[in-house]
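So the structure is just underneath, and the comments pick up after that.
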Amino acid sequence: MKGVLKSLGATANAFVRRPVTRQYPEMHRDLPERDRAFPILLWDDDIDEPYCTGCHACERACPVECMTVLMKDNPNHESVGGDSRRRKIIDKFWIDYARCMRCNICVEVCNFEAIAMNNTWTGHEVSVYDRADLVMDLPQLLAQHRAGELDEWVADI
Amino acid sequence: MNVGLFGIENVNIWVDAVIRLQLIVILMTVVVMGLIYGERKIIGRFQRRLGPMRTGPFGILQSLADALKLVGKEDLRPRGADPWVFELAVYFVFVPVFMAFVAVPFAFDWNVRVLELGLFYVVAISSINIVGWVMAGWASDNRYAMLGALRAAAQGISYELPLILSLIAVSMVVSTDAGRGSLDLGVIVAEQGHIPYIVWQPLAFAIFYVAMLAELNRTPFDIPVGESEVVGGPFVEYSGIRWSMFFLAEYAGLFILSLVGAAVFLGGWAWPLGEEVGPVWQLLLTAGKALLLIFSVFWVRVTMPRMRIDQLMGFSWKVLLPMSFALILVNGLILVYDWPDVVLLASNVVGLIALYLIIDRGITRRRVRPPARAGAATTA
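So the protein sequences, as listed, match chains G and E.
Numbers 25 to 181, taken from our numbering, label the letters of the first sequence in order.
Numbers 2 to 381, taken from our numbering, label the letters of the second sequence in order.
Following this line, the structure appears as structure tokens:
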């Protein structure tokens, strides 16, 4: 009987405390800084071009083969009067977010630290009406870091 | 006694009756929708959630949305069901609850009808819905429904007795001009101007409260409708508007029994403001006390797990019923010998302690396991 009264007290205690619910679409909880959403490409602000050289390392390492990479000669290279030291640069890049399993391997194998896992809510909220819209092209992959919208841990590297 | 409707005299009696009943139906529907919303909100808070938040500001339109959805759903009837009994069962559950409303006093001289046997009328009419449950369960042609209906009948009949006896225990100590004892709810309330009967009759209130929980099939006594055992009890096969009428009756029953409890034990409109403060304050008092009881019902619901059927029946027949009989006997003894009211209180407190100890023993008693049968494989 004492237990019954104690349990009533326990529920009363829960009643007077604040609810833990967050109203999700209006209110996002803070993500951990190493949160892992889909991979995106990073933007080299110093030279104003992507870090990615299109070396295919990530494409070859990807276990679900969700990436397609095309390389080109860098039109901004020193040898042609530009200010970049990258001889080759990324031409076209597609990642199929519908296939990606967010394993982080592409980030591990990247020699130029040109790819990272998105650690913002934008990286999680990618629902679309057409499956084809989940295949992201180069401008889409670069846009977020270029606009400086990534959180600390990824943006720092 | 029975004043005209809104002060208008000489209204045709049929028009009068129709308007009064219509008022009850509207009031109950609105109150029930409020109660459902309140229950979801309160239970949400008890579990540190927010409850409904999406439909309208703070989710206040949630009940309305649910009601519209239920009205829009198809009214199904199983092929093997008994058509007449299946469809009539709803009304046997639904109508008595509303009829019980007729006798409840909301404020001084504010009720649908003043009945001199009001308390008797309320308990008599509110026990009819057991018939409706059995009809629903039997007509559904579903084993779960049948099982749930029989459980509902067993539980309803067992807890009807302590409920009524505890109310009788109070009604016999009511002191009127003509001596002790009254079944008129208006008189019972009016006599509590100074001290509500929960003070003189705490044991009766305890019995009433437990029996009320059981009578309403609320947790921890929601055995007839326990989802994990008999899916939905007698209402498994019902859908759409018929199911929502069962639901409506359930919450209306909660409201009506809370009103009766507030009137009989907590002093209704009379305590502590008296007769002269006007209907507004008295209505607020009555509603507030009823809501307090309803809140405690939600609180218990969110705290307690469901009991077993044998525990449930045993608690009614072995504990509550003898206690309420003893209470009536002792009350009668005190009234016959005209002992002061303090003796009433003392006997009740003794009874309350006894009830506590009995429940305590029932919970903490060590159960002796039956000896293993000879030849039964012993697996460690």
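Glycine included, every Cβ here is placed at the ideal spot set by N, Cα and C.
This structure is a prediction, so every number in the text was calculated from the model and none was measured.
Residues are counted here when their Cβ sits less than 8 Å from a Cβ of chain G; for the segment 297-328 of chain E these are Trp300, Val301, Val303, Thr304, Met305, given in chain order.
Counting along the chain, leucine 217/E sits inside no beta strand (DSSP E), nor does DSSP assign it H or E at all. Inter-residue distance for cysteine 76/G and tyrosine 48/G is about 35 Å (C-alpha atoms, whole angstroms). Between the segment 129-140 of chain E and the segment 89-100 of chain E, the count of C-beta pairs closer than 8 Å reaches three or more; the two stretches touch. Of all C-beta pairs linking the segment 316-330 of chain E to the segment 136-147 of chain E, fewer than three are shorter than 8 Å, placing the two stretches out of contact. In the DSSP assignment, alanine 140/G falls within the beta strand (DSSP E) that extends over 139-141. At least 8 Å separates the beta-carbon of valine 113/E from that of alanine 250/E.
CA-to-CA, the gap between lysine 42/E and leucine 313/E works out to about 29 Å. Between valine 33/E and the set Ile360/E, Ile354/E, Leu334/E, Ser245/E, the nearest pair of CA atoms involves Ser245/E. Annotation for glutamate 88/E: Arg78, Arg243 place their beta carbon closer than 8 Å to its own, counting only its chain and skipping 5 residues before and after. Residues of the segment 25-55 of chain G with a Cβ closer than 8 Å to any Cβ of chain E, in chain order: Met25, Lys26, Gly27, Val28, Ser31, Leu32, Ala34, Thr35, Ala36, Ala38, Phe39, Arg41, Arg42, Pro43, Val44, Thr45, Gln47. Aspartate 83/E has a beta carbon lying at 8 Å or more from every beta carbon in chain G. Between glutamate 73/G and the set Arg84/G, Arg109/G, His80/G, the nearest pair of CA atoms involves Arg109/G. Here DSSP, grouped into helix, strand and coil, assigns alanine 108/E to strand.
In the three-state reduction of the DSSP assignment, proline 197/E falls in the coil class.
If you look at threonine 92/G, you'll find it in the beta strand (DSSP E) that goes 91-97. By the Cβ rule, the segment 16-24 of chain E does not count as touching the segment 270-286 of chain E, because fewer than three pairs are nearer than 8 Å. Less than 8 Å divides the Cβ of leucine 164/E from the Cβ of valine 124/E. Excluding the 5 residues flanking it on each side, lysine 96/G has same chain C-beta neighbours closer than 8 Å at Gly78, Lys112, Ile113, Ile114, Asp115, in chain order. Of the candidates Leu162/G, Leu66/G, Cys127/G, Gly27/G, Cys127/G places its Cα closest to the Cα of cysteine 86/G. The C-beta of glutamine 23/E comes no closer than 8 Å to any C-beta of chain G. In the structure shown, isoleucine 295/E adopts helical secondary structure according to DSSP, grouped into three states.
Residue state for serine 128/E is assigned as coil, using DSSP reduced to three classes. In this chain, the alpha helix (DSSP H) harbouring leucine 24/E covers 14-47. For the segment 361-372 of chain E, the set of residues with a beta-carbon nearer than 7 Å to any beta-carbon of chain G comprises Asp361, Ile364, in chain order.
Under the 10 Å beta carbon count, lysine 290/E is surrounded by 16 or more other beta carbons and is classified as buried. Taking C-beta separations shorter than 6 Å and ignoring five residues to either side along the sequence, the partners of valine 303/E in its chain run Ile44, Phe47, following chain order. Counting along the chain, tryptophan 272/E sits inside no alpha helix (DSSP H), nor does DSSP assign it H or E at all.
Boundaries of the beta strand (DSSP E) around aspartate 115/G: 112-120.
At a cut-off of 8 Å between beta carbons, arginine 49/E contacts chain G.
Here glycine 180/E is exposed: its Cβ has fewer than 16 other Cβ atoms, across all protein chains shown, within 10 Å. Between the alpha carbons of leucine 358/E and alanine 207/E lies a distance of about 14 Å. Isoleucine 64/G: member of the beta strand (DSSP E) spanning 63-65, first to last residue. Contact check for alanine 215/E against phenylalanine 222/E passes: the beta carbons are separated by less than 8 Å. The DSSP-derived three-state label of methionine 308/E is coil. For the pair leucine 162/G and threonine 45/G, the Cα-to-Cα distance works out to about 37 Å.
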